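As given, the protein sequences belong to chains A, B, C, D and E, one line each in that order. Using the working numbering, the first residue of the first sequence is number 5, and each one after it goes up by one. Using the working numbering, the first residue of the second sequence is number 339, and each one after it goes up by one. Using the working numbering, the first residue of the third sequence is number 24, and each one after it goes up by one. Using the working numbering, the first residue of the fourth sequence is number 60, and each one after it goes up by one. Using the working numbering, the first residue of the fifth sequence is number 40, and each one after it goes up by one. These notes concern the structure reproduced below.
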Amino acid sequence: MPVTHADACLVWPIVAPLATALAAFVLGGRWSTRLGVAVVPIVVAATAVVTWRVWHHGPQTYSLGNWPAPLGIELHADGLSCAMLLMSACIGAVVSVYSVGYFEGSTTASRGQPQKDTGAQFWPLWLMLWSALHALFLSADIFNLYVTLELLTLAAIGLVVLTGTRAAVEAALRYLLAALAGSLLYLAGVALMYGAHGTLDIASLGRSVTADASLQAALLLMMVGLMLKTALFPLHFWLPPAHGSAPAPVSALLSGLVVKGSFYILLRLWFDVFPQEFTRPLTLLPAVLGAAAILWGSMQALVADRLKMLVAYSTVAQLGYLFLVFGLARPGSDTGFAAWSAVVLFALSHACAKGALFLAAGTILHVAGHDRIRDLPAVSRRLPTTFFAIGVASVGLMGLPPTAAFVAKWTLLRVALGGGHIGLAVVIVLGGLLAAAYLFRVLAAAFTQPGVVDTNVSYRKVPRWMEYSTLGLALVSLLLGLASYPVIELLRIGSPWSPPIVQEAAP
Amino acid sequence: MDSSLAWFDAILTLTLVVVALRVLFAQDLFQAIVLFIVFGLLLSLAWCRLGAVDVALAEAAIGAGLTGALFLNTLATTRRHGDQAPPAETIDRKGAWVDDKLPTLRPRPSTPWTGRLAFGLVAGSVTAWMAAVVVPLAVSSDAPRIAIDEAMLRSGVTNPVTAVLLNFRAYDTLLEVAVLMLAVLTVSSLTAGSARVSKALPSGPVLTSFVRLILPVVVMVAVYVLWSGTKAPGGAFQAAALLGAGGVLLLVTDTQSPSCARYLRRVLLVAGLAVFLLVGLGGMLGAGRFLEYPPAWAGVLITLVETVLTVSIALVLVMLFVGTSPTGAEGSARASDETPGATPLVSRERTS
Amino acid sequence: MSTNDLVSCVSLVLGAFFFLAGTMGMLRFPDVYTRLHALTKADNLGLGLLVFGLALQAESWLAVAKLFLVWGLVMLASTTCCHLVAQAAWQAGISPWSRRDGQ
Amino acid sequence: MNVLILGVAFFLLVNVVAGLVRVWRGPTALDRMLASQLFGTTGTAILLLLAEGLSNPALRDVALVFALLAPIATVVFVRRWPLSSSANGGSFHEHE
Amino acid sequence: MTPTLNYALTGVVLFSVGLSGLFFCAHLLRKILSVNMAGSGVFLVFVALARRQPDVPPDPVPQALVLTGIVVAVSATAVALALFRRLTHEPAEEPHG
Numbered sequence: 005m006p007v008t009h010a011d012a013c014l015v016w017p018i019v020a021p022l023a024t025a026l027a028a029f030v031l032g033g034r035w036s037t038r039l040g041v042a043v044v045p046i047v048v049a050a051t052a053v054v055t056w057r058v059w060h061h062g063p064q065t066y067s068l069g070n071w072p073a074p075l076g077i078e079l080h081a082d083g084l085s086c087a088m089l090l091m092s093a094c095i096g097a098v099v100s101v102y103s104v105g106y107f108e109g110s111t112t113a114s115r116g117q118p119q120k121d122t123g124a125q126f127w128p129l130w131l132m133l134w135s136a137l138h139a140l141f142l143s144a145d146i147f148n149l150y151v152t153l154e155l156l157t158l159a160a161i162g163l164v165v166l167t168g169t170r171a172a173v174e175a176a177l178r179y180l181l182a183a184l185a186g187s188l189l190y191l192a193g194v195a196l197m198y199g200a201h202g203t204l205d206i207a208s209l210g211r212s213v214t215a216d217a218s219l220q221a222a223l224l225l226m227m228v229g230l231m232l233k234t235a236l237f238p239l240h241f242w243l244p245p246a247h248g249s250a251p252a253p254v255s256a257l258l259s260g261l262v263v264k265g266s267f268y269i270l271l272r273l274w275f276d277v278f279p280q281e282f283t284r285p286l287t288l289l290p291a292v293l294g295a296a297a298i299l300w301g302s303m304q305a306l307v308a309d310r311l312k313m314l315v316a317y318s319t320v321a322q323l324g325y326l327f328l329v330f331g332l333a334r335p336g337s338d339t340g341f342a343a344w345s346a347v348v349l350f351a352l353s354h355a356c357a358k359g360a361l362f363l364a365a366g367t368i369l370h371v372a373g374h375d376r377i378r379d380l381p382a383v384s385r386r387l388p389t390t391f392f393a394i395g396v397a398s399v400g401l402m403g404l405p406p407t408a409a410f411v412a413k414w415t416l417l418r419v420a421l422g423g424g425h426i427g428l429a430v431v432i433v434l435g436g437l438l439a440a441a442y443l444f445r446v447l448a449a450a451f452t453q454p455g456v457v458d459t460n461v462s463y464r465k466v467p468r469w470m471e472y473s474t475l476g477l478a479l480v481s482l483l484l485g486l487a488s489y490p491v492i493e494l495l496r497i498g499s500p501w502s503p504p505i506v507q508e509a510a511p
Numbered sequence: 339m340d341s342s343l344a345w346f347d348a349i350l351t352l353t354l355v356v357v358a359l360r361v362l363f364a365q366d367l368f369q370a371i372v373l374f375i376v377f378g379l380l381l382s383l384a385w386c387r388l389g390a391v392d393v394a395l396a397e398a399a400i401g402a403g404l405t406g407a408l409f410l411n412t413l414a415t416t417r418r419h420g421d422q423a424p425p426a427e428t429i430d431r432k433g434a435w436v437d438d439k440l441p442t443l444r445p446r447p448s449t450p451w452t453g454r455l456a457f458g459l460v461a462g463s464v465t466a467w468m469a470a471v472v473v474p475l476a477v478s479s480d481a482p483r484i485a486i487d488e489a490m491l492r493s494g495v496t497n498p499v500t501a502v503l504l505n506f507r508a509y510d511t512l513l514e515v516a517v518l519m520l521a522v523l524t525v526s527s528l529t530a531g532s533a534r535v536s537k538a539l540p541s542g543p544v545l546t547s548f549v550r551l552i553l554p555v556v557v558m559v560a561v562y563v564l565w566s567g568t569k570a571p572g573g574a575f576q577a578a579a580l581l582g583a584g585g586v587l588l589l590v591t592d593t594q595s596p597s598c599a600r601y602l603r604r605v606l607l608v609a610g611l612a613v614f615l616l617v618g619l620g621g622m623l624g625a626g627r628f629l630e631y632p633p634a635w636a637g638v639l640i641t642l643v644e645t646v647l648t649v650s651i652a653l654v655l656v657m658l659f660v661g662t663s664p665t666g667a668e669g670s671a672r673a674s675d676e677t678p679g680a681t682p683l684v685s686r687e688r689t690s
Numbered sequence: 024m025s026t027n028d029l030v031s032c033v034s035l036v037l038g039a040f041f042f043l044a045g046t047m048g049m050l051r052f053p054d055v056y057t058r059l060h061a062l063t064k065a066d067n068l069g070l071g072l073l074v075f076g077l078a079l080q081a082e083s084w085l086a087v088a089k090l091f092l093v094w095g096l097v098m099l100a101s102t103t104c105c106h107l108v109a110q111a112a113w114q115a116g117i118s119p120w121s122r123r124d125g126q
Numbered sequence: 060m061n062v063l064i065l066g067v068a069f070f071l072l073v074n075v076v077a078g079l080v081r082v083w084r085g086p087t088a089l090d091r092m093l094a095s096q097l098f099g100t101t102g103t104a105i106l107l108l109l110a111e112g113l114s115n116p117a118l119r120d121v122a123l124v125f126a127l128l129a130p131i132a133t134v135v136f137v138r139r140w141p142l143s144s145s146a147n148g149g150s151f152h153e154h155e
Numbered sequence: 040m041t042p043t044l045n046y047a048l049t050g051v052v053l054f055s056v057g058l059s060g061l062f063f064c065a066h067l068l069r070k071i072l073s074v075n076m077a078g079s080g081v082f083l084v085f086v087a088l089a090r091r092q093p094d095v096p097p098d099p100v101p102q103a104l105v106l107t108g109i110v111v112a113v114s115a116t117a118v119a120l121a122l123f124r125r126l127t128h129e130p131a132e133e134p135h136g
């Protein structure tokens, strides 16, 4: 087989951050920041190259070690992976820029011990998380996906405990145990699938699976495990404390990207591997839980008293929308593709908007030392850019007309009504209203004159790029709406609804 | 012969289950942990019976040896608060979630019967459901598997498990080493704990000379396990686990342990992953793919990667042990300076 | 059955007997100091006899060397551990059992 | 011959399971530790027997690792456990 | 009962017991122990199914996967224990420290 170097581009989004993480760990100190920033353009470029190739040449497959699929592990990029990679690159780049300011001189003294340079610890962990995400989005092997899931979890845990507070440690332990339970359930599914079909490759599994009892059990185990890792209601108990107590850039990463990792696996397995006769009877379960998550998460966000907790509960709610896909997208039908691509579009839009909101909350916390919602008016005068970013991100999150979230929700509503799911349609609308309600609690602060100007509180100065990067991400969430057509076209490449020419391209 | 083996299997598996239940329900945690160590040893026997000797080696070294030491160490630190050591229940309360949203039972020394009933129902129904699926799989004569025989000839090694780990699925192994790295990063960032002087038994001449005698053997056996890994059960992880266990032995005795500079230690920690990555990228440059070895070089390259991995992973395992240790006499100096770029307090004051 | 096999059989059975004795001692002896005896004495002797019995059956000199290495290591380890346990027990103030205070 | 070897292996397994009762009953932490030590030794013996009985010489390496690592738990325990601990269960003293 | 069936069933039992223990046991250390046991259960199922045909040497792929799994498990356990240690140490610092 002639070796083409062009498809090697799939390796770089994984290897570049991983290698940099190692260098950042060894050199430490200021070098870790420099290296962390330096690798951002490389990763973005690598992602762009992958997307470009997929756009022009269809899905790409790369056999690692030149051992083709059933024996070795393959990387696989199609439209869905590219969309996820682009999301990860975009948010990762912004968070990297933001973190330079956020961790600058942020040495936390812990109980008389030598001060720890949180920034120097942040970069290796974050770069490994980035690498793990890309490895996850590109993997075509169900066991390798397990390893990437664990890599993702451990990196996330390391990032959550960076602050070292008791709340963070407790949240991290809760998160770790929930995540471990989730990956074990997933791994049990992998064991059953390997035992029954003797292969781990997603494509060969998709071809060889037959509807039998072991596959049904594997589906249930994997589904529950991945739902736990994606924090679907009622398995969301670990998410708000972890996302609420982590440092702001970390919360943005967790809410925007990390939970999407396990969702991505579920999405892929559901539509690429499991036959319809299994998934069909189960469609309502994730969809109904998703609907419940929308309502429950929104209610909790309405009563939260801290901004970060509000945003974290909003994540619980918004993740609910993602699970509507299993109820609405039928393989084979054209509305199926509409619903499927709408949900992915919604995930992208949510990642940007939620990321921006968490970064903004982090800036507020950094400046004012608190993020109590009722005391926000006093802060809003000092941070006009940040509050503007909150406004823009809120528009993106509520799903007002020009945004991608609007396009996505509108499509979902249409499909739901067309399929006769009146209940789901009502929840979609209601969720939007509730989101508006809890986000207005925050926005109100920006338009309210502070009653009492608190002179006792000393406000810290904030580096400009922290504010600008937040605003940039918020604007991306807004502009994604204009780009939704090309994104949907990208998603069509290699999707279960794409014309079957693609299969011949990769024999 | 077959009947005595069948009985052997039956007793072994029954004991495994009973010990597992006892780990969860034994009143005191120390007993649970000793039983967990026993569980690891039993499991290692089970791997041997299943013909998975590579796994048995790893389980014996990691599962029973190191994990047990980690747990014992952790439990010891929770009782380290002088003479007013908290009884088990207080640890329960402290250890349980504070804002309790998990379906936990009330912290009591022993689980009440309702809890046991609920536990039994859940465990029983999950078992029944999964057994209904696994039994047909286990008795079916048709066992699909990935064909490796032909590829083995080009793999550079003759032990199929090593071939899968370091050649066919080397990418998994690469990421797995990254997982270990992450664990070290996280654990060492958590280690800035209190320095409490250990009131444990001092290590007398017997222990010291035992360690001195056994360490060379540990190193020798590790080298043997590493070297034989290409053609017989064994390999980098098993060797590293042995070396790591040796390091732990050295750490817990008062013997002079060879200390190395912080920088060197960091380099050694990442060396395994770095060399692995470099070899992978080298495969790419040589007109091939990432992690591809030219067949003529495969054996040499795999041995190289395995050797460096052994050193790195051994160090990682020792660091993980340090991370769960009380930062007492030997811990503080090693652990607190482990955070990359940590600035000593003194030099900060001087600059400001 | 050759003499070799016969000796080997006797040795294995004797070894097993010592293990049984060790376990009985472990279960029946009254305190930690006496249980130490049960463990080390019987265990090492038991393992020694087993190793001897197996060495007669082994296929190569390397295997025999490995067998005896294992035996040596186990002896070394259990001697040390018993010493440590006894020392810890003594320092913790556990007084040895004597016939008077037993029953 | 193999019948005898495997029979002895089975006998030792039963033996060691009986020995587990000491881990159960304690009463002191040292007793439990001692019982797990017995477990390590007997496990080594079982592995040596299985290596011969199943003609799988690689199992001797596992036995070697068992023999090397069995003392780790005890050493860590006596070196890390506070001597004066009055907590129950893991105590050196019998408590009732 | 073949060894495969015997050990695979044991794996299933250990998996269920470990998973239930994770949810029902109150103490964190026991939760961590439970996760380890559930993991061992899955590994047992994996490897037991690898040797279904008695006359053929067992499938090496699941063995390699389980080895990877064991290393991942020990990493996760070490992190969990470090978190646990931090958690149990924290309150004692305030009154005495």
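No residue lacks a Cβ here, since even glycine has one placed at the ideal position from N, Cα and C. Here the structure is a predicted model, which is why all the values come from computation and not from measurement.
Item, Value
"Determine, for B:Leu551, whether the minimum Cβ-Cβ distance to residues of chain C falls below 8 Å.", "yes"
"Could you check whether E:Leu61 and E:Ser79 sit closer than 8 Å to each other, using their CB atoms as the reference points?", "no"
"At least one CB of chain B closer than 8 Å to the CB of E:Pro99: is that the case?", "yes"
"Mapping the DSSP letters down to three states, classify A:Ala81 as helix, strand or coil.", "strand"
"Could you say which of E:Val84, E:Val100 and E:Cys64 lies nearest to A:Gly202 if we only look at CA atoms?", "E:Val100"
"Any beta carbon from chain E within less than 8 Å of A:Glu154's own beta carbon?", "yes"
"Just to confirm, are A:Asp82 and A:Ile497 a CB contact at a threshold of 8 Å?", "yes"
"I want to verify the contact list: residues of chain C whose CB lies under 7 Å from the CB of B:Phe548, in sequence order.", "Leu99 and Thr103"
"Run through the DSSP bridge pairs and tell me what A:Gln64 is partnered with.", "A:Ala81"
"With a threshold of 8 Å between beta-carbons, can D:Asn115 be considered close to chain C, or not?", "no"
"Looking at the unbroken alpha helix (DSSP H) that takes in A:Tyr190, where does it start and where does it end?", "Arg170 to His201"
"Would you say D:Leu97 lies against chain B (beta-carbon separation less than 8 Å)?", "no"
"Anything in chain B within Cβ reach of D:Val80, meaning under 9 Å, just list it in chain order.", "Going along chain B, no residue has its Cβ under 9 Å from D:Val80, so there is no contact; the nearest lies around 11 Å."
"How far does the alpha helix (DSSP H) with A:Ile146 in it extend, from its first residue to its last?", "Ile146 to Val164"
"Among the candidates E:Ala77, E:Phe123, E:Thr127 and E:Arg91, whose CA atom is the shortest distance from the CA of B:Ala358?", "E:Ala77"
"Beta-carbon separation of D:Leu109 and C:Leu96 under 8 Å?", "no"
"Determine whether the beta carbon atoms of B:Ile651 and B:Ala578 lie at a separation below 8 Å.", "yes"
"Are the region 374 to 389 of chain B and the region 88 to 106 of chain E touching, with three or more C-beta to C-beta distances below 8 Å?", "yes"
"In this structure, does DSSP put B:Ser478 in helix, strand or coil?", "coil"
"Quick one: which unbroken alpha helix (DSSP H) runs of 4-plus residues sit fully inside the region 335 to 409 of chain A? Chain order, please.", "338 to 372, 380 to 384 and 388 to 402"
"So, at 7 Å on beta carbons, what are the nonlocal neighbours of D:Gly99 in its own chain, with the 5 sequence-adjacent residues on each side left out?", "Phe125 and Ala129"
"Could you tell me which whole alpha helix (DSSP H) segments of length 4 or greater appear in the region 391 to 419 of chain B?", "391 to 396 and 405 to 416"
"For the region 189 to 196 of chain A against the region 555 to 562 of chain B, are there 3 or more C-beta pairs whose distance is under 8 Å?", "no"
"From D:Val134 to A:Leu288, what does the alpha carbon distance come to, in whole angstroms?", "56 Å"
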